[in-house]
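Each remark here refers to the structure printed beneath this line.
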Amino acid sequence: MPAASTPAPTTGHPPRQPDSRQGLLGATLGLLAVALFSLTLPATRLALEVLPPGLVGPGRAAGAAVLAALAAGILTGRSPGHRRKARNTPNPGTARQCPGGRKPWGPVWPPRDDWPGVLLVAFGTVTVFPWFSTLALTRLPSAHGAVLLGLLPLLTSGFATWRAGERPSGRFWMAALAGSGVVTGFAVYMGAGKPRPADLWMLAAIVAAAAGHAAGGRLARRHGGFLPIAWGLWVALPVTLAATAVMTALPGAAGAAGPVAGPPAGPVPGPAAGPPAGPAAAAGGVLPSPAPVPWDKAVLAWLAWMYITGVTQLAGFVLWYRAMALAGVARTSQLQLLQPFLTLLAARVGLGEPVGGITVLAALAVAAVVAVGRRAPVDVVPGPAAQGEARLLAKG
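Note that the UniProt record's numbering has the sequence shown beginning at 1, numbered continuously upward.
See the structure below:
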């Protein structure tokens, strides 16, 4: 009974070319995930105006791990009896459809064969990208980060070829290169500026994120969208907790990107309204107190942190990995080319910022490139990773 003879709906293993309904559902979920991701950079910048980088970077992954544990407990109703039943179930790592349409969420820890992929998710998606991108954004504007973010779909397609057993056609690669070029050129036109040393942090974050995306999409073929990101969050929790504690305790950690890091810019009633304190004032023991954080700015910063924790780091990836399982990692990754334009659209709707004609033309060009790329052939070829997956599927 070879793995190839097992029907795809039973095993969860994707066909060589997804059918139209599968592809449409995958595209819909992918677009929704990209819309959620499009607010990540602005929300991160907003949170950094008040909160320390340790809490905004690795801290969001630690918070998402707690939310994932709560969600798993609510959805499965885990109890000691439930865990004993799961241990006695053959091959509990494979998510199957149960009678009545209920889906099991699987074990707390992944099956042994899935650990390499889970570690990639924990390393790239959960740890390195939030941490390094936060460090970069303390020194870079969001538009500058968008230059390198334009490379993420192309790099994800490369990792899908290497690790997920996908073989995109030449037409797909041409469309991917064209889309990355349009997004990068648009970001430069919008004033991203010259290369800076902090670009290395952002580039490392994007390479790690691409590896995590490809690994998570492959895991989602068998385990759905929730378990791959939940496993990654739980495995990385000791690291993210330690990094959060260390970075938050560093001197000058609070308000790294905003006005809270120093005294207020404007005049302050009372003695502080005079000239700024200098060495003489310091010698006399009179130093300006740190500016209190306005309550509205603090509320916005915490709301932004809650967004990047619960939505960007957890809910968005549940949709994203599920979309990759349905439509393929390489195809789905190209939807992220639309992310900068969705960010600008959100700024137009929420903040009333103008959107110029160049933005509209660039968005239309990217949409056309994405449409071409999604119609280009992408085969699933059993490579070393896919063969191990097929053997595990055959056992079930």
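Cβ coordinates follow ideal geometry from the N, Cα and C atoms, glycine included.
Given the structure is predicted, the values throughout are model-derived calculations rather than measurements.
Item	Value
Using the Cα positions of Thr175 and Ala43, report the straight-line distance between them to the nearest angstrom.	The amino acid occupying residue 175 in the given sequence is Ala; Thr does not appear at that position. Spanning the two alpha carbons is a distance of roughly 30 Å.
Taking DSSP as the reference, what is the three-state secondary structure of Arg374?	helix
Using only the alpha-carbon positions, how far apart do Arg21 and Leu241 sit?	41 Å
Would you tell me roughly how many angstroms separate the C-alpha atoms of Thr40 and Thr244, rounded to the nearest one?	19 Å
For the alpha helix (DSSP H) containing Arg171, list its first residue and its last residue.	Gly170 to Tyr189
First and last residue of the alpha helix (DSSP H) that includes Ser133?	Phe129 to Leu137
Three-state secondary structure (DSSP) at Arg196?	coil
Taking all protein chains shown into account, do 16 or more other C-beta atoms lie within 10 angstroms of the C-beta of Ala160, making it buried, or fewer, making it exposed?	buried
Leaving aside the five residues before and after Ala330 along the sequence, list all residues of the same chain whose C-beta is less than 6 Å from its C-beta, in chain order.	Ser157, Ala160, Glu166, Pro168 and Val378
How about the region 201-208 and the region 305-315: do they share at least three Cβ pairs that are nearer than 8 Å?	no
Within a Cβ cutoff of 6 Å, which residues of the same chain sit near Phe341, ignoring the five residues on either side of it in sequence?	Ala363
How many angstroms separate the CA atom of Gly117 from the CA atom of Leu219?	7 Å
Are any of the Cβ atoms in chain C nearer than 8 Å to that of Leu140?	Of the protein chains in this structure there is only one, and it is not chain C.
To the nearest angstrom, report how far apart Leu29 and Thr332 are at their CA atoms.	9 Å
Is it true that the CB of Leu137 sits closer than 8 Å to the CB of Arg45?	yes
My output table needs one value for Ser20: the three-state DSSP class, helix, strand or coil.	helix
Do you know offhand how far Arg112's Cα is from His213's?	20 Å
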